[in-house]
């Protein structure tokens, strides 16, 4: 290192030192890069281990409890299809959590960081279905004051979830079939062709097999949607999940309402397990939200449940009196 006197080193020495410095600099740079790669690999390994652990944890499924055998089958199907671009049709009664399964498929897919567009087919007016799904140009119809992108174009690169697809009219079914087949469409008021790359997940609480047989639902559209069917069991068919869900909702709403509710009493548990749950998980959640609101202490009791759930549990004395009166 000579910063004061000139010509201390010969030009041979300078060339040698320059060549050595170049090699040393490259080695140091490679060492730093290697350290950074090792740090990133370690971070990736930690994240991978975390996600592998969380993938078997009910919390990863948010409010989807998978303890019962029926829901374990659902989880297995979701894990198999999530990474593919296969069209999925989720069926089951109202309130069973079909929308949660659709969102889970999106989160576990390779499109997780892409748009996820939800469409409630029951809210689409007949005269606006084409505009809502495929968009329109300015002036395409009365009231079209500006250009608008449709839901399919918004979902480009990601996933579109068609909830209650069984409620679509015959006209809307025909338009949807064309998009599924060709992966392209024309917005209203233009000859412009829009090509889209979307993954379609649909859901319905209707019996589409019966609707196809009666002619209410197009058979060709049904076969296009029913590539990978997933049936969501009703809550009464997954009894082991009822209390897990109930405890989850108690914890959720106790935190939301800032209340010290921690447990469910035995009589209330008996009522929850004996009920047939026509509204499924949605009804259970509403029930537990109401119960937490009504609870003043730390325990949800049967008195806090809706009247339809409150079991009339007879004491031994009342049972004896009942037997005597019958005699």
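Numbering (this note's numbering), first residue to last: 243 to 569.
Ideal Cβ positions, reconstructed from N, Cα and C, are used throughout, including at glycine.
As the structure is a computational prediction, the values presented were derived from the model and not from experiment.
DSSP lists 330, 403 as the beta-bridge partner residues of residue 443. Shortest Cα-Cα distance from residue 516 to any of 490, 479, 499 involves 479. With a cut-off of 8 Å on Cβ pairs, the stretch 331 to 347 is in contact with the stretch 522 to 541, counting three or more such pairs. Remark: C-beta atoms of residue 317 and residue 347 do not approach each other more closely than 7 Å.
Listed in chain order, the non-local C-beta contacts of residue 335 below 7 Å within the same chain comprise 447, 476, 522, local neighbours out to five positions each way being set aside. Within the same chain, 502, 503, 504, 505 come within 8 Å of residue 540 by CB-CB distance, once the 5 residues on both sides are set aside. Membership of residue 360 in the beta strand (DSSP E) is indicated by the continuous run 358 to 362.
Of all C-beta pairs linking the stretch 385 to 400 to the stretch 435 to 451, three or more are shorter than 8 Å, placing the two stretches in contact. A straight line joining the alpha-carbon of residue 490 with that of residue 391 spans about 39 Å. Three or more pairs of CB atoms, one per stretch, sit closer than 8 Å, so the stretch 417 to 430 contacts the stretch 457 to 466. One thing to note: residue 328 has its Cβ within 7 Å of the Cβ of residue 469. Here residue 403 has 344, 360, 443 as same chain residues with Cβ atoms under 6 Å from its own Cβ, once five neighbours each way along the sequence are excluded. In summary, residue 415 is buried, with 16 or more beta-carbon neighbours lying within 10 Å of its beta-carbon over all protein chains present.
Separation of residue 370 and residue 306 (C-alpha to C-alpha, rounded to the nearest whole angstrom) is 34 Å. Per the C-alpha coordinates, the member of 379, 378, 407 positioned closest to residue 365 is 407. Contact check for residue 434 and residue 426: beta-carbon distance about 10 Å, past the 8 Å limit, so the pair fails to qualify. Of all alpha-carbon atoms in 380, 393, 467, the one lying nearest the alpha-carbon of residue 372 is that of 393. The C-beta distance from residue 487 to residue 513 rounds to 15 Å, too long to fall under 8 Å, and the pair is not in contact. Within the same chain, Cβ atoms closer than 8 Å to the Cβ of residue 542 are found at 492, 503, 505, 506, 507, 510, 530, 533, 534, the five residues on either side in sequence being excluded. For the options 379, 451, 411, the alpha carbon positioned closest to that of residue 363 is the one of 411.
For residue 412, the uninterrupted alpha helix (DSSP H) segment begins and ends at 412 to 424. For residue 310 against residue 483, the beta-carbon gap comes to about 5 Å, under 8 Å, which counts as contact. Within 10 angstroms of the beta-carbon of residue 481 lie fewer than 16 other beta-carbons, which makes it exposed. Scanning its chain for C-beta atoms nearer than 8 Å, with the 5 sequence neighbours on each side dropped, one finds around residue 259 the residues 251, in chain order.
Residue state for residue 430 is assigned as strand, using DSSP reduced to three classes.
Here residue 312 has 475, 479, 480 as same chain residues with Cβ atoms under 7 Å from its own Cβ, once five neighbours each way along the sequence are excluded. According to the DSSP secondary-structure assignment, residue 475 is paired through a beta bridge with no residue. In the DSSP assignment, the residues bridged to residue 542 are 506. Here residue 378 is buried, its C-beta having at least 16 other C-beta atoms within 10 Å. If you compare the alpha carbons of 409, 333, 350 with that of residue 368, the shortest gap goes to 409. For residue 358, the closest of 456, 278, 401, 418 by C-alpha to C-alpha distance is 401. Per the C-alpha coordinates, the member of 518, 537, 538, 536 positioned closest to residue 550 is 518.
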